[in-house]
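Novice: In the working numbering, the protein residues as written are 628 to 918. Heads up, the beta-carbon is just placed ideally off N, CA and C, and yes, glycines get one too. The structure follows.
Below is the structure:
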């Protein structure tokens, strides 16, 4: 932010226009939203009030904090990483360096599960393999008050973030998070298994946006040479841990539905659904035990 020409306090409207100019010049596509979010965080004033009263002054230390936020945004750091949290399914999830930044595309999985529940009934037990922030599992638990959940992640810091998020959302009494290698060490069946594994082919990592490539953990992105490495393990664990009448939902990368369906069939699972995101891209595979 360019506060040099505005010593002391600066009107909100001036600050907002300044941020828009800088973000647009940097080709940041979400310039308006990013400006509002960073201003709201720095001033502790909600977005509506910021825009409704453009003549209200912003002074230090809010102005200096905002400048620090803006410098980080202009360097390519996502707003969610700057603020340390992201909204998903209407809930707020804290992030850290070991967690994937929850994406709107992943809400397709939550929607697919809830559609299934409406038709077939709610699960009592849910397993989330590679839980990260816990966003999938906790979003589902927020909608399914009689269910209990178990989330597994290989990163201790991710388990810490998920546990914190459960506490903040008032769901800690119905969920347990633990460090593990997918489902290794688990032996009880689950009615529902969900997973958003790393599915980007290793060779494609370099072509990801700077925001993703430099700020999401590589372990949550890199799916091996063909992007399918994690699905091999998840399929085996799903076959082992899924209750007889249970179902599993796995998030997919673009163009992976046929390959992942083949992996599922190879361990004796049966594909029983494919759900597309808002862009029409097949995004979630639904599987059950084979006959």
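Check the DSSP bridge columns for residue 778 and list the partner residues they point to.
Specialist: What you label residue 778 is simply residue 151 of the chain shown in a count that begins at 1. In the DSSP output, where bridge partners are listed per residue, residue 778 has 755 and 804.
Novice: Using the rule of at least 16 other Cβ atoms within 10 Å of the residue's Cβ for burial, across every protein chain shown, is residue 750 buried or exposed?
Specialist: Residue numbering aside, residue 750 sits at position 123 when the chain shown is read from its first letter. Buried.
Novice: With residue 742 as the anchor, note down where its alpha helix (DSSP H) starts and where it stops.
Specialist: Numbered from 1 along the chain shown, position 115 holds the residue referred to as residue 742. Run containing residue 742: 734-747, per the alpha helix (DSSP H) assignment.
Novice: What three-state label does DSSP hand residue 659 in the structure shown?
Specialist: In the chain shown, residue 659 corresponds to position 32, counting from 1. In the structure shown, residue 659 sits in a helix (DSSP, three-state: H, G or I).
Novice: Can you tell which of 832, 884 and 719 has its C-alpha closest to the C-alpha of residue 840?
Specialist: As a first step, residue 840 must be located in the chain shown, where it is residue number 213. Of the candidates 832, 884 and 719, the one whose C-alpha sits nearest the C-alpha of residue 840 is 832.
Novice: What is the rounded straight-line gap between the Cα of residue 747 and the Cα of residue 915?
Specialist: Here residue 747 refers to the residue found at position 120 of the chain shown. Here residue 915 refers to the residue found at position 288 of the chain shown. If I take the Cα positions, the gap works out to 13 Å.
Novice: Considering just the uninterrupted stretch of the alpha helix (DSSP H) at residue 910, what are its terminal residues?
Specialist: Your numbering for residue 910 matches position 283 in the chain shown. First-last for residue 910: 909-916, but that is the beta strand (DSSP E), not the alpha helix (DSSP H).
Novice: When you compare only the Cα positions, how much space is there between residue 892 and residue 858?
Specialist: Along the chain shown, read from residue 1 onward, the residue named residue 892 stands at position 265. Along the chain shown, read from residue 1 onward, the residue named residue 858 stands at position 231. Each residue's Cα considered, the two are about 12 Å apart.
Novice: Let me know if residue 663 comes out buried or exposed under the rule of 16 or more other beta-carbons within 10 Å of its beta-carbon.
Specialist: Along the chain shown, read from residue 1 onward, the residue named residue 663 stands at position 36. Its Cβ being crowded by 16 or more others within 10 Å, residue 663 is buried.
Novice: Over what stretch of residues does the alpha helix (DSSP H) that includes residue 706 continue unbroken?
Specialist: Start at 1 with the first residue of the chain shown, and residue 706 comes out as number 79. Where residue 706 is concerned, the enclosing alpha helix (DSSP H) stretches over 706-710.
Novice: In whole angstroms, give me the CA-to-CA distance for residue 765 and residue 910.
Specialist: Stepping through the chain shown from its first residue, residue 765 is reached at position 138. Stepping through the chain shown from its first residue, residue 910 is reached at position 283. Their backbone Cα atoms lie some 20 Å apart in a straight line.
Novice: Just the Cα atoms here: how many angstroms apart are residue 652 and residue 658?
Specialist: For the purposes of this step, residue 652 is taken as the residue at position 25 of the chain shown. For the purposes of this step, residue 658 is taken as the residue at position 31 of the chain shown. Their Cα atoms are separated by approximately 10 Å.
Novice: I'd like the list of long-range same chain contacts for residue 759, defined as Cβ closer than 6 Å, with 5 residues on each side in sequence excluded.
Specialist: By one-based count along the chain shown, residue 759 stands at place 132. Closer than 6 Å at Cβ, skipping near neighbours: 726, 727 and 785.
Novice: Look up residue 841 in the DSSP assignment and say whether it is helix, strand or coil.
Specialist: In the chain shown, residue 841 corresponds to position 214, counting from 1. If DSSP states are grouped into helix, strand and coil, residue 841 belongs with coil.
Novice: Are the region 787-804 and the region 847-867 touching, with three or more C-beta to C-beta distances below 8 Å?
Specialist: no
Novice: Pull up the distance between the alpha-carbon of residue 633 and that of residue 648, whole angstroms please.
Specialist: As a first step, residue 633 is located in the chain shown; it is residue number 6 there, counting from the start. As a first step, residue 648 is located in the chain shown; it is residue number 21 there, counting from the start. For residue 633, the predicted structure reports a pLDDT of 47, less than 50, and the residue's modelled location is therefore unreliable. The matter cannot be settled from this model.
Novice: Whole alpha helix (DSSP H) runs in the region 811-885 with 4 or more residues, listed along the chain?
Specialist: 837-840 and 856-868
Novice: Secondary structure at residue 790, three-state DSSP: helix, strand or coil?
Specialist: Position 163 of the chain shown, counted from the start, is the residue given in the question as residue 790. In this structure, residue 790 counts as helix in the three-state DSSP scheme.
Novice: In chain order, which alpha helix (DSSP H) runs of at least 4 residues are fully inside the region 678-709?
Specialist: 689-701
Novice: Would you mind giving the Cβ-Cβ distance between residue 896 and residue 809, rounded to the nearest angstrom? I have them listed as a contact below 8 Å.
Specialist: For the purposes of this step, residue 896 is taken as the residue at position 269 of the chain shown. For the purposes of this step, residue 809 is taken as the residue at position 182 of the chain shown. Wrong, their Cβ atoms sit about 15 Å apart, outside the cutoff.
Novice: Between the Cα of residue 678 and the Cα atoms of 700, 738, 865 and 642, which residue gives the shortest distance?
Specialist: Sequence index remark: in the chain shown, residue 678 carries index 51 (1-based). Ranking 700, 738, 865 and 642 by Cα distance to residue 678 puts 642 first.
Novice: Does residue 633 come out as helix, strand or coil in the three-state DSSP assignment?
Specialist: Here residue 633 corresponds to residue number 6 of the chain shown, with the count starting at 1. Here the model assigns residue 633 a pLDDT of 47, short of 50, so the residue's position is not dependable and the matter cannot be decided.
Novice: Can you tell me which of the three DSSP states residue 730 falls into?
Specialist: Position 103 of the chain shown, counted from the first residue, corresponds to residue 730. In this structure, residue 730 counts as coil in the three-state DSSP scheme.
Novice: Taking residue 816 as the reference, give the member of 825, 795 and 776 with the closest Cα.
Specialist: Walking along the chain shown from the start, residue 816 turns up at place 189. When each option's Cα is compared against that of residue 816, the closest is 776.
Novice: In this structure, how does DSSP classify residue 895 when only helix, strand and coil are distinguished?
Specialist: Here the question's residue 895 lines up with position 268 in the chain shown. Note: residue 895 maps to coil in three-state DSSP.
Novice: With a threshold of 16 other CB atoms inside 10 Å of the CB of residue 693, please say whether the residue is buried or exposed.
Specialist: Along the chain shown, read from residue 1 onward, the residue named residue 693 stands at position 66. Classification of residue 693: buried, given that the 10 Å Cβ count is 16 or more.
Novice: What does DSSP give as the partner residue(s) for residue 714 in the beta ladder?
Specialist: Position 87 of the chain shown, counting from 1, holds the residue named residue 714. Residue 714 is bridged to 719.
Novice: With which residues is residue 901 paired in a DSSP beta bridge?
Specialist: In the chain shown, residue 901 corresponds to position 274, counting from 1. BP columns for residue 901 point to 912.
Novice: What span of residues does the alpha helix (DSSP H) with residue 642 cover, start to end?
Specialist: Sequence index remark: in the chain shown, residue 642 carries index 15 (1-based). That run of the alpha helix (DSSP H) goes 639-652.
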